[in-house]
Amino acid sequence: MTTDAQDAQDPFDVDAATEADRQNAGHPSEATPAPKGVPRLHVAGTSTVCREIEAVRAQHPEAGVFLVTLSWRHNYNCGADQVIVANEPRGAAFDLRPPPKPKRKGEPKEQPSTLSIDELHGLINVGEEIVHLLLDDERTHVVVMDGYPQGQIYARFAACLAGRCLKLRRASRHVTMPRMTAPADAICKAALARFKKCRSVEKMRAAAEAYYHEELADRFP
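If you count the sequence shown from 1, position 89 lands on 99 in our numbering, and the numbers rise without skipping.
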């Protein structure tokens, strides 16, 4: 069954972003690819993103660095050549971050909201587009971040999805990926377990749809 989310646009215009990156601060024609064995996908959060980009520059000075952010509130480039604020399929910018702290002492902490079906589909799109960026040019590095301090939930989730999408394209030999760390979230882990059985991105989308309706649709918040 085809959903609106499946038919929607990509979360960001990769071709336009790539062209802008090359024109503004991108790869000179004589630039060298990433050193062999160096991962080109990096996970970060609000406390680590600038340091992560500095580390990329130190290891590969001629890299073109894309920062893909899963929270529109965190869109400072931190030294990246291009910042891409990822969107849900219907166009809303992602804002995946911790819930706000209680305003008064003694108030209960707000619980994180459950991922919506649009967010699940959108994160699969983000994984696909990260792979597109990495395969487009072997000098490109992608740093993906969310609104959490270490990127420990959704940035990790997006990186794992990108790894899965790369494998499904049978292109793993073209991109050195980092050793993946599971996201620190039960919903993301359960989704990844379902996606592991899928043999195409379309089957991942169908699995996301089934998981949402079976396990998440009636959850609150």
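No residue lacks a Cβ here, since even glycine has one placed at the ideal position from N, Cα and C.
Straight-line gap, residue i to residue j (C-alpha atoms, nearest Å)
i	j	result
G157	K111	14 angstroms
T28	L143	Reliability of the predicted coordinates at T28 is poor, the pLDDT of 47 falling under 50, and the value obtained from them is presented with this limitation in mind. Taking the straight line joining both Cα atoms gives about 8 angstroms.
N97	L226	21 angstroms
L202	P231	21 angstroms
A216	I197	16 angstroms
K206	H84	30 angstroms
I94	T186	22 angstroms
V78	S210	23 angstroms
F167	G116	32 angstroms
L176	R229	31 angstroms
V136	C208	17 angstroms
C88	R50	17 angstroms
A200	A218	10 angstroms
Whether residue i touches residue j by CB criterion (9 angstroms)
i	j	result
V232	V154	Outside the shown range of the chain (11 to 231) lies residue 232, about which nothing can therefore be said.
V152	I140	yes
P43	R183	no
L80	L133	yes
L171	E138	yes
G173	G55	no
P159	S57	yes
A103	W82	yes
Residue i, enclosing beta strand (DSSP E) - first and last residue
i	result
M155	150-155
F230	Segment: none, F230 is in no beta strand (DSSP E) and carries neither H nor E.
G74	74-79
DSSP three-state assignment for residue i, whether helix, strand or coil
i	result
L125	coil
N87	coil
P192	Per the sequence presented here, residue 192 reads as Ala, with Pro not at that position. Looking at A192 - three-state DSSP - the assignment turns out to be coil, as it is neither helix nor strand.
I94	strand
V53	strand
L178	helix
A165	helix
A48	Residue identity check: residue 48 is Val in the sequence provided, not Ala. Correct three-state label for V48: coil.
A201	helix
R32	Bear in mind that the predicted position of R32 carries a pLDDT of just 47, short of 50, making it too unreliable to give a figure here.
A172	helix
D105	strand
Boundaries (first-last residue) of the alpha helix (DSSP H) holding residue i
i	result
V211	211-221
V59	59-69
Closer than 8 angstroms is the cut-off here; do at least three beta carbon pairs connect the region 127-146 with the region 217-225?
Taking a cut-off of 8 angstroms on C-beta distances, the region 127-146 touches the region 217-225, as three or more cross pairs fall below it.
So, do the region 73-88 and the region 191-199 have three or more beta carbon pairs nearer to each other than 8 angstroms?
With a cut-off of 8 angstroms, the region 191-199 and the region 73-88 do not count as touching, because too few Cβ pairs lie within range.
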